[in-house]
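See structure below.
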Amino acid sequence: MSAQLMSGTAIAQEIVERCAQRARALFETRGVRPSLATVLVGDDPASVTYVTMKRNRSAKAGIDSRLVRLPAETTTEELVSAVRALSDDPDVHGILLQHPVPAHIDERAAFEAIDPAKDVDGVTMHSFAAMAFGDPGFASATPGGIIRLLEAYGVELTGRQAVVVGRSPILGKPMGMLLLARDATVTYCHSRTVDLASHVAAADIVVAAVGKPEFIKGYDIKPGAVVIDAGYNPGNIGDVDFAGAMERAALVTPVPGGVGPMTIAVLLEQTVDAAERG
-3 MSAQLMSGTA IAQEIVERCA QRARALFETR GVRPSLATVL VGDDPASVTY VTMKRNRSAK
57 AGIDSRLVRL PAETTTEELV SAVRALSDDP DVHGILLQHP VPAHIDERAA FEAIDPAKDV
117 DGVTMHSFAA MAFGDPGFAS ATPGGIIRLL EAYGVELTGR QAVVVGRSPI LGKPMGMLLL
177 ARDATVTYCH SRTVDLASHV AAADIVVAAV GKPEFIKGYD IKPGAVVIDA GYNPGNIGDV
237 DFAGAMERAA LVTPVPGGVG PMTIAVLLEQ TVDAAERG
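This is the structure in structure tokens:
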């Protein structure tokens, strides 16, 4: 068996193009241009590159992009104050706090300073609760992008066994909530799960989000499974043994070019949603 690649690039481009049309219509009818404010603390090279990519995609989607750069020595109180100022700014529709932040900062406190109406990255506890209860709100961008990718490839979720490997509050945990809302049977696993291989082997859908290169072994994957690799490690290596997964799975996301483009596309789409709600 040779798996089919689930490319997020083309699907994400379609989403961004629709965003641009909606942004243009919003400006023409109401004089409102969607605006996304990104807060970057420090100068981590990967974060700087990622923020630049998001700003470029924002321009293509007709979204104004504001960058707030803060030094690495910024305190939690200073970061919270900067985020609250953006929450109070009527010209800002979406707020993205680039993570991770420096270790001395209370990242959760900074996330919670984001107005839920502007939480287009879906990182606040309010957004998580909305995902868990099926209430209106913004999905976490990466899990939301994964759901869109699964839908685009016609993957049936109802009644399927889904294993999420990872438990972060902005990826693994909300991913499980979104799958559960679509009637999948969800098992959470992580780096300390006993006999992880048996859980992976039973899964119809595997979402790898543990942040460890090639943590999921190809020979453990159930033949015909759908494998979503949300990991990104140095050297363009995901959390899944890609070559091994390609030999057993039916569908596999590449790294890069799979989940990443969908994350940014959902972030931009939700920014336009926020602007339309005004």
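The sequence shown begins at -3 in the numbering used here and counts up one residue at a time.
In this text, a Cβ means the ideal position worked out from N, Cα and C, and glycines have one as well.
In this text, all values refer to a predicted model and were calculated from it rather than measured experimentally.
- Excluding five sequence positions before and after T120, the CB atoms of its chain that fall closer than 7 Å to its own CB belong to F107, E108, I110, P112, given in chain order.
- Here Y228 is buried. Its C-beta has 16 or more other C-beta atoms within 10 Å.
- Of the residues D131, A105, D225, the one whose Cα lies closest to the Cα of T71 is A105.
- V159 sits close to V202, with the two beta carbons spaced by under 8 Å.
- DSSP lists I233 as the bridge partner or partners of N229.
- CA-CA distance, R188 to A128, rounds to 24 Å.
- Per DSSP, reduced to three states, the secondary structure at I11 is helical.
- D60 sits in a strand when the DSSP states are folded into three classes.
- Contact between S54 and L264 holds: their C-beta atoms lie close to 6 Å from each other, under 8 Å.
- In the three-state reduction of the DSSP assignment, A204 falls in the strand class.
- For L75, no beta strand (DSSP E) encloses it; the enclosing alpha helix (DSSP H) starts and ends at 72 to 83.
- Per DSSP, reduced to three states, the secondary structure at I142 is helical.
- Under the three-state reduction of DSSP, V255 is assigned to helix.
- Residue pairing by DSSP puts Q157 in a beta bridge opposite T181.
- Y46 places its beta carbon less than 8 Å from that of Q94.
- By alpha-carbon distance to L36, the top candidate from R29, K50, L192, V28 is K50.
- Contact check for V28 and A271: beta-carbon distance about 6 Å, within the 8 Å limit, so the pair qualifies.
- For the pair T154 and I224, the Cα-to-Cα distance works out to about 17 Å.
- Within 10 angstroms of the beta-carbon of T48 lie fewer than 16 other beta-carbons, which makes it exposed.
- With a 10 Å radius around the Cβ and a threshold of 16 neighbouring Cβ atoms, T25 comes out exposed.
- About 5 Å separates the Cβ atoms of R244 and I217, confirming a contact at the 8 Å cut-off.
- Around the beta carbon of L32, a 10 Å sphere encloses 16 or more other beta carbons of the protein chains shown; the residue is thus reported as buried.
- In the DSSP assignment, A68 falls outside any alpha helix (DSSP H) and carries neither an H nor an E.
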